Ligand code: 5GP
């Protein structure tokens, strides 16, 4: 894939660490950033829209996409639940010189960083473990069993955080927003 002008910002973190909020905050700034809509086989949450938050595919359609090499990367993020970055989605944005922002799991983030190399800036948002657990429960969008699955996954993911270009700690959301904005602006301007 030919990389023309756009640059890539990769936001990753355990679920419940505020990365969706941060991604939305960055998208609202005047940074020519565009969200890469991923495909997923998970069920749609009530407030979500197909083609805006995700492309919601049934599991067979997702697996066919894997076979057809439609994905730049994909992960079985939770058992039997797949998420992936569609080549088509990224290609068209890059060709028109847009900057892309990804909200993606830790392994997918590392794959994308290896793919885009210097054209990508990867940020891991870190949060104390107990805080994440509390936020997941308060959000109330997942069943208890799903929360426990996510907590197991967070424990595994923490191991990878040193592979990121930056680790930023979310203790105070407003402070994190300010700090991330400085880093992202600096990256988009200079490199
Ligand atoms: P959620 O179901 O809460 O929207 O997302 C679950 C996890 O999947 C999050 O960590 C999210 O960032 C990640 N994710 C979303 N899209 C992708 C993708 O395209 N590829 C990978 N590897 N992970 C993704």
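Numbering (the working numbering), first residue to last: -7 to 183.
Just so you know, even glycine gets a beta-carbon here, dropped at the ideal spot from N, CA and C.
All values derive from a computational prediction rather than experimental measurement.
Inset, instruction - Please confirm if the segment 145 to 154 is in contact with the segment 96 to 112, defined as three or more CB-CB distances below 8 Å between the two stretches. - result: yes
Inset, instruction - Under 8 Å by Cβ, that's how I've got residue 31 and residue 76 pegged, so tell me the actual separation to the nearest angstrom. - result: Yes, they are in contact, since the Cβ atoms of residue 31 and residue 76 sit about 5 Å apart, within 8 Å.
Legend entry - alpha helix (DSSP H) segment containing residue 168, residue limits: 165 to 182
Legend entry - Start-to-end residues for the alpha helix (DSSP H) that takes in residue 149: 136 to 149
Inset, instruction - Report yes or no: do the segment 105 to 114 and the segment 26 to 44 share at least 3 C-beta pairs separated by less than 8 Å? - result: no
Legend entry - Reduced DSSP secondary structure (H/G/I, E/B, other) of residue 30: strand
Inset, instruction - Tell me residue 74's beta-bridge partners as DSSP assigns them. - result: 68
Inset, instruction - Enumerate in chain order the residues of its own chain whose CB-to-CB distance from residue 125 is below 7 Å, with the five nearest sequence positions on each side excluded. - result: 143
Inset, instruction - Could you spell out the range, first to last residue, of the alpha helix (DSSP H) harbouring residue 2? - result: Boundaries around residue 2 are those of the beta strand (DSSP E), 0 to 4, since no alpha helix (DSSP H) includes it.
Legend entry - Candidates 50, 13 and 70: closest to residue 134 by CA position: 70
Legend entry - Alpha-carbon spacing of residue 18 relative to residue 37, whole angstroms: 23 Å
Inset, instruction - Flag residue 67 as yes when its Cβ comes closer than 7 Å to any non-hydrogen atom of the ligand 5GP, and as no otherwise. - result: yes
Legend entry - Enclosing alpha helix (DSSP H) for residue 54 [first to last residue]: 51 to 59
Inset, instruction - Note down, in chain order, each residue of its chain lying with its Cβ closer than 8 Å to the Cβ of residue 13, except the 5 sequence neighbours on either side. - result: Taken in chain order, the residues that qualify are 165.
Legend entry - Cα-Cα separation between residue 162 and residue 1, rounded to whole angstroms: 18 Å
Inset, instruction - Could you pull out every residue in the same chain whose Cβ sits closer than 6 Å to the Cβ of residue 4, ignoring the five residues on either side in sequence? - result: Non-local C-beta neighbours of residue 4 in its own chain, meaning closer than 6 Å and more than five positions away in sequence, comprise 96, 98, 101 and 116, ordered along the chain.
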